[in-house]
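Protein chains in written order, with this note's numbering: chain A, 4 to 291; chain B, 28 to 361.
Presented below is the structure to which this report refers.
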Amino acid sequence: MNVTLIIIFILHGLVYAGLLFLVSSGLTLVFGMMNVLNFAHASFYMLAAYFSYSLLRWTGNFWLCLLVCPFLLFVIGALIERFLLRRVHVFGHLHELLLTFGIAFIISEVVKWVWGTAPLPIQIGGFLDSNFTVLGVIYPTYRFFVLFCSVLIGLLMSFLLLKTRMGITVRSAVDDSEMVNALGVNTPRVFMFVFALGAALSGLAGVISGPLLSINAGMATAILVDAFVVIVIGGFGSLIGAVVASLMIGQLQSFGALLFPKISLALIYLLMAIVLIAKPSGLFGEKK
Amino acid sequence: MKKNPNTIQIWGFIILLVLFFLPLVARPYIISLLTEMIIFSLYAVSYNLLLGFGGLLSFGHGMFLGLGAFTAGAMLQRIPGLPFFGAVLFGTLMATLIGLGVGCLLLRHKGTYYALLTLAFNALFYAVAIKWHAVTGGDDGLPVKRPNLHLGFVQLPMSDVTVFYYVTLVVIGCAVLFCWYFTKTAMGKTVLLVRENEERMQFIGYNPAVSRMILFTLTAFFAGLAGSFYALFFKFVGVDAIGVDMTTTALLMTFIGGTKNFFGPVLGAGFYIYFQNFLSNLTDRWPLFMGILFVLMVLFAPQGLSGLIRSLVDHFRKTGNGKATGKEAHPFGE
């Protein structure tokens, strides 16, 4: 095994980690605040990928997809939170879980209905379709772009959460939403905003995953399970945990496919089982 | 008129009689539809032991049905001359053992964590089923031979739809009744009380984690049994038998039927199978309608069909006799 190969696989792992982080960060924030594990989160990702496919065929401009699709998902997420999720809040967590699960089910069926079950190819063309040479390794520019996007979003999010007033509100709502509500913040509106923002992030991940992985009806379940594993390993509601666990899963998947192709799929579950036994609350989770 | 246990027993008796004599008049298509309903009834009832009775939302129930089905099918293929109940035994045993193993890992968890972890385990077993081509047939699936049943001196031709129906009715029926009996035992009560007040049970000296694990293993056992019959009924096991979609099926059946009533899932399974057959003649996208129905029920009728029927009956009682019937005591408490 030579150095070039190792670099390529590290990069592969980083790219997938970036994607995974975009999906799981929204999931973990929403969970931290509302105590709702959103099963429909990965469906937003899938929906955005299909939207971008249609929009790309229509306009041929990938940058436009990057702007429009997350915005659409933001609106959809806000509507779902406002008109569906909030209604069942009084029935308790089980019902909220079941509701998001039902929504995920419906979205996946609608996607199959509208776009069919066959995988869809996506061509972006232009600058992003070229190759790039780094450290003597030829690597697709698009993968760098994915990496760049996820790092940028990660930094933006940490700035937003750590340095702005809105971020303080969100973080304190994650800690104790009742108290924040009592202090005069309209927490339902904050919830809606965070839920919609999570949907938009997931949507962005969906759009950039299109040219990277294939667009198909099973893509939601595939990333949902990985995102869940990230949350279990990183710890519920922990953003830094999501970063670390995404990096771990990304590298594990990349090198697992290289070194142990037969059992690569089982490796991440193995890691999850180990974390569960050693530290049930996750690496960065708080003991409840 | 107060609803007493006798009314329930009379209704149960009537339904059993109908199920018993129906094959004499019904067409083979109806009989095989009924067989499917009975098999899935057990699957849904065992799921509801977790969801309704134990208050645990599991997204990994499909793996036990799939494990039962694949083990029964693979054993029939590997061991020539394996009797009918030998295959069922292997299937059930495998599901139970895996259930025990996974149950041990889930020991400390409940709530959201539980849902998420069971889903991850289900995804793991699905991945194994797809990859392990030699045993499961991968994407192609596994064809299953249905052996005849030897009962001492008589041999029952299991290829006959009616004979298979009766065998299923007796075995699965007994299993469903055992599930019902379980809810009445001390162990069943323990599980129920752990759901209601875990801390208090701990103070009294029970170990909630262990009782959850026992419940999980038990439901794995019954799902495995249903899975073995699933393999023998369809004479084929595809990877979708072990997928997350199979878990979804259990959840939809149980929730549509109603989680608060023991026999709700039976109703749900019957309704689901019938509705599926009815809709799949009209459209390929029948799961969409099932999903919409599910979301509507979550929003507006969280008690499910059995809850709707109950409130309807209560309503008629009230208007008919001019007095309220009072709060009903039903098996799962409130």
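Positions of the beta carbon are idealized from the N, C-alpha and C atoms, including for glycine.
Because the structure is a prediction, the values reported are computed rather than measured.
So with CB distances below 9 Å, who are the chain B contacts of A269 of chain A? For the purposes of this step, residue 269 of chain A is identified with residue 266 of the first sequence, where counting begins at 1. Chain B residues near A269 of chain A: L151, A154, V155, K158.
Report buried or exposed for V288 of chain B, applying the criterion of at least 16 other Cβ atoms within 10 angstroms of its Cβ. Within the second sequence, residue 288 of chain B is the residue found at index 261, counting from 1. The residue asked about is misnamed: residue 288 of chain B is Asn in this sequence, not Val. Its Cβ being crowded by 16 or more others within 10 Å, N288 of chain B is buried.
I'd like to check one pair, A203 of chain A with F77 of chain A: are the Cβ atoms closer than 8 Å? Position 74 of the first sequence, counted from the start, is the residue given in the question as residue 77 of chain A. Position 200 of the first sequence, counted from the start, is the residue given in the question as residue 203 of chain A. Against a cut-off of 8 Å, the Cβ pair of A203 of chain A and F77 of chain A comes out as a contact.
DSSP state of G360 of chain B, grouped into three classes? As a position in the second sequence, residue 360 of chain B is number 333, starting the count at 1. Note that G360 of chain B scores 44 on pLDDT, short of 50, meaning its location in the model is unreliable and no value can be drawn from it.
Any beta carbon of chain B sitting closer than 8 Å to that of G244 of chain A? The count along the first sequence starts at 1 and reaches residue 244 of chain A at position 241. Closer than 8 Å: no.
With respect to the alpha helix (DSSP H) encompassing G133 of chain B, which residues constitute its N-terminal and C-terminal limits? The sequence position of residue 133 of chain B within the second sequence is 106, counting from 1. The identity of residue 133 of chain B in the sequence shown is Leu, whereas the question assumes Gly. Looking at the DSSP string, the run of the alpha helix (DSSP H) that includes L133 of chain B is 111-133.
Contacting residues, own chain, Cβ-Cβ under 8 Å from I127 of chain A (five flanking each side not counted): Here residue 127 of chain A refers to the residue found at position 124 of the first sequence. Cβ within range, chain order: L59, F65, Y145, P214.
Strictly below 8 Å CB to CB, what residues from chain B border V228 of chain A? Position 225 of the first sequence, counted from the start, is the residue given in the question as residue 228 of chain A. Under the 8 Å cutoff, chain B gives L146, A147, A150.
Against chain C, with Cβ distances strictly below 8 Å, would I319 of chain B count as a contact? Given the protein chain composition of this structure (A and B), no chain C is represented.
Residues of chain A with CB closer than 8 Å to the CB of G138 of chain B, please, in chain order. Taking the second sequence and counting its residues from 1, the one referred to as residue 138 of chain B is at position 111. Under the 8 Å cutoff, chain A gives H96.
Close Cβ partners of E63 of chain B (< 8 Å) along its chain, the five nearest in sequence each way excluded: Position 36 of the second sequence, counted from the first residue, corresponds to residue 63 of chain B. Hits under 8 Å: F260, I300.
Under 8 Å between the Cβ atoms of T119 of chain B and F248 of chain B? On the second sequence, residue 119 of chain B is found 92 positions in, with the first residue counted as 1. On the second sequence, residue 248 of chain B is found 221 positions in, with the first residue counted as 1. Going by C-beta atoms, T119 of chain B is nearer than 8 Å to F248 of chain B.
In chain B, what lies closer than 9 Å to I79 of chain A by C-beta? In the first sequence, residue 79 of chain A corresponds to position 76, counting from 1. Neighbours of I79 of chain A on chain B: none; closest Cβ ~15 Å, over 9 Å.
In terms of residue numbering, what span does the alpha helix (DSSP H) encompassing N184 of chain A cover? Indexing the first sequence from 1 puts residue 184 of chain A at position 181. 180-185 is the extent of the alpha helix (DSSP H) around N184 of chain A.
Less than 6 Å between C-beta atoms, sequence neighbours within five positions excluded: which residues of the same chain meet that for G80 of chain A? Within the first sequence, numbered from 1, the residue matching residue 80 of chain A stands at position 77. Counting only Cβ-Cβ distances below 6 Å, and skipping sequence neighbours, we find F198, A199, A202.
Give me whichever residues DSSP pairs with H177 of chain B in a beta bridge. Reading the second sequence from its first residue, position 150 is the one you call residue 177 of chain B. B:Q182, per the DSSP bridge assignment.
Best match in B:L116, B:L49, B:L335 for proximity to V198 of chain B [C-alpha to C-alpha]: Numbered from its first residue, the second sequence carries residue 198 of chain B at position 171. For the residues B:L116, B:L49, B:L335, the minimum Cα distance to V198 of chain B belongs to B:L116.
Could you give the DSSP three-state label for I218 of chain A: helix, strand or coil? As a position in the first sequence, residue 218 of chain A is number 215, starting the count at 1. In the structure shown, I218 of chain A sits in a strand (DSSP, three-state: E or B).
Check for me: the beta strand (DSSP E) holding P73 of chain A runs from which residue to which? Looking up residue 73 of chain A in the first sequence gives position 70. It is not in any beta strand (DSSP E) - P73 of chain A instead sits in the alpha helix (DSSP H) that spans 65-83.
What residues of chain A sit near P379 of chain B, judged by a beta carbon separation below 8 Å? Chain B is shown from 28 up to 361; residue 379 of chain B falls before or after that span and cannot be answered.
Name the residue from A:V177, A:L14, A:S111 whose alpha carbon lies nearest to the alpha carbon of G34 of chain A. Numbered from 1 along the first sequence, position 31 holds the residue referred to as residue 34 of chain A. It should be pointed out that residue 34 of chain A corresponds to Phe in this sequence rather than to Gly. Minimum Cα distance to F34 of chain A is reached at A:V177.
If we ignore side chains and look at the alpha-carbon of each, how far apart do G89 of chain B and L204 of chain B end up? As a working mapping, residue 89 of chain B is identified with position 62 in the second sequence. As a working mapping, residue 204 of chain B is identified with position 177 in the second sequence. Going by the C-alpha atoms only, they are around 21 Å apart.
Which chain B residues are close to R90 of chain A, counting only those with a beta carbon under 7 Å from its beta carbon? Counted from its first residue, the first sequence places residue 90 of chain A at position 87. Chain B residues near R90 of chain A: L326.
Would you mind reading off the limits of the alpha helix (DSSP H) that contains I109 of chain A? As a first step, residue 109 of chain A must be located in the first sequence, where it is residue number 106. Unbroken alpha helix (DSSP H) run through I109 of chain A: 96-118.
Below 7 Å on C-beta distance, what does V322 of chain B contact in chain A? Walking along the second sequence from the start, residue 322 of chain B turns up at place 295. Correct list: L102, G105, I106, I109.
Measure the alpha-carbon distance for Y257 of chain B versus A71 of chain B and round it to whole angstroms. Counted from its first residue, the second sequence places residue 257 of chain B at position 230. Counted from its first residue, the second sequence places residue 71 of chain B at position 44. Roughly 13 Å separates the two Cα atoms.
Consult DSSP for K291 of chain A and reduce its assignment to one of helix, strand or coil. Numbered from 1 along the first sequence, position 288 holds the residue referred to as residue 291 of chain A. Here K291 of chain A scores only 49 on pLDDT, less than 50, and its place in the model is too uncertain to base an answer on.
Would you list the one or two residues that DSSP bridges to N134 of chain A? For the purposes of this step, residue 134 of chain A is taken as residue 131 along the first sequence, with counting starting at 1. BP columns for N134 of chain A point to A:P143.
Under 8 Å between C-beta atoms of A245 of chain A and S27 of chain A: By 1-based counting over the first sequence, the position of residue 245 of chain A is 242. By 1-based counting over the first sequence, the position of residue 27 of chain A is 24. For A245 of chain A and S27 of chain A, yes; Cβs fall inside 8 Å.
Can you tell me the Cα-Cα spacing of G128 of chain B and M182 of chain A, whole angstroms? In the second sequence, the residue the question calls residue 128 of chain B occupies position 101. In the first sequence, the residue the question calls residue 182 of chain A occupies position 179. Between G128 of chain B and M182 of chain A, the C-alpha separation is close to 41 Å.
Cβ neighbours of L100 of chain A in the same chain (closer than 8 Å, five flanking residues each side left out): The count along the first sequence starts at 1 and reaches residue 100 of chain A at position 97. Same-chain partners within the cutoff: V39, L40, F42.
Note down the Cα distance separating P110 of chain B from H177 of chain B, rounded to an integer number of angstroms. One-based indexing of the second sequence puts residue 110 of chain B at position 83. One-based indexing of the second sequence puts residue 177 of chain B at position 150. So the two alpha carbons sit approximately 8 Å from each other.
Determine, for R135 of chain B, whether the minimum Cβ-Cβ distance to residues of chain A falls below 8 Å. As a position in the second sequence, residue 135 of chain B is number 108, starting the count at 1. Yes, contact with chain A.
With 9 Å as the limit, tell me which residues of the segment 37-50 of chain A have their beta carbon closer than that to any beta carbon of chain B; keep them in chain order. N38, V39, L40, F42
Extent of the continuous alpha helix (DSSP H) to which R54 of chain B belongs: The sequence position of residue 54 of chain B within the second sequence is 27, counting from 1. First-last for R54 of chain B: undefined, no H or E at that position.
Distance between beta carbons of L306 of chain B and F316 of chain B, contact taken as under 8 Å: Start at 1 with the first residue of the second sequence, and residue 316 of chain B comes out as number 289. Start at 1 with the first residue of the second sequence, and residue 306 of chain B comes out as number 279. About 6 Å separates the two Cβ atoms, so the contact holds.
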